[in-house]
Structure formats: structure tokens, C-alpha cells
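Visitor: Have a look at this one.
In the numbering used here, the protein residues as written are 472 to 605.
Now the structure itself:
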């Protein structure tokens with residue numbers, strides 16, 4: 472979820488992404504990554520307030536950073552419907568970043584690193600399925 476967009480656009484995006492997750496069949500896996508100046512990867516199994524791993528958005532994540540993320544113990548993906556309520560709660564709490572006075576746009580938007588993290592997570596899931604036959 473790109474939180475650098477206008478508040479009304481973010482609200483619409485949040486509604487759409489929650490509706491999409493609620494429409495997935497049981498057993499599908501989901502992840503939540505939000506970004507502005509940093510990349511936040513949320514642990515959807517954590518009850519209560521959202522818990523996220525934060526990575527710099529300044530440059531592409533290194534292989535070592537991605538390996539640390541995978542070995543962090545956080546659940547980077549979770550199954551529907553078990554994670555749907557936490558997903559919705561975290562998405563509802565997302566807000567646009569605070570902008571400096573007089574600035575119309577956010578200073579940083581790290582789409583590239585966010586996509587790279589998402590691809591790495593998806594690739595890890597695919598490799599896990601191949602190893603386990605799931």
C-alpha cells in the first residue's frame with residue numbers, strides 16, 4: 472500500500488485492498504507491505520497493534536537484508552481467513568506520512584524497494600511450496 476497518495480485516495484485504496492482480501496478463498500496466503508519513505512512489512516499473526524519490520528527505502532534491499540528479514544521470525548505471509556481481521560485493522564490504521572510545512576508531496580516514495588521486498592517474499596513462498604509440495 473502506497474501511503475504517499477492523498478488521504479482520500481489512500482482511503483479508497485484501503486477499502487479496495489481489504490475487500491480484495493475478504494474475497495479470497497480460505498487457504499490463500501496474504502502479506503502486507505506499506506511504503507512511503509521506508510518499507511514496512513507487517514506480521515499479520517501478531518495480535519493487537521500491528522507489528523512491522525522496517526527497511527530503508529533509500530536503495531534496493533541487499534541480499535543480506537532480505538535474508539535477515541526471512542530469518543527474523545516474523546510471519547511474512549499468513550493464510551486467509553485467519554489473518555483477515557488483523558490485515559483489516561492494520562490497513563485501517565495506515566496514514567499518509569507527515570509532510571513538511573508548505574510541501575504538497577511526500578519527500579520520498581520508495582516504490583522500487585517495496586516491490587523488490589514483495590517479489591522476494593513471493594519467491595520465498597514459491598520455494599517453500601516446491602520443497603513441501605504445498
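All C-beta atoms in this analysis are idealised placements derived from N, C-alpha and C, irrespective of residue type, glycine included.
Give the secondary structure of residue 480 by DSSP, where H, G and I count as helix, E and B as strand, and everything else as coil.
Guide: Helix at residue 480.
Visitor: Does the contact criterion of 3 or more C-beta pairs under 8 Å hold for the region 520 to 529 versus the region 482 to 489?
Guide: No contact exists between the region 520 to 529 and the region 482 to 489.
Visitor: With a CB to CB cut of under 8 Å and the five nearest residues on each side skipped, what residues in its chain are close to residue 531?
Guide: These residues qualify, in order along the chain: 583, 584, 587.
Visitor: For residue 548 and residue 592, which I take to be in contact (beta-carbon distance under 8 Å), what is that distance rounded to the nearest angstrom?
Guide: Between residue 592 and residue 548 the Cβ distance is about 7 Å, and since that is below 8 Å, they are a contact.
Visitor: What is the C-beta distance between residue 509 and residue 501, in whole angstroms, given that I count them as a contact (C-beta under 8 Å)?
Guide: About 21 Å separates the two Cβ atoms, so there is no contact after all.
Visitor: For residue 511, does the count of other Cβ atoms within 10 angstroms reach 16, so buried, or fall short, so exposed?
Guide: It counts as buried.
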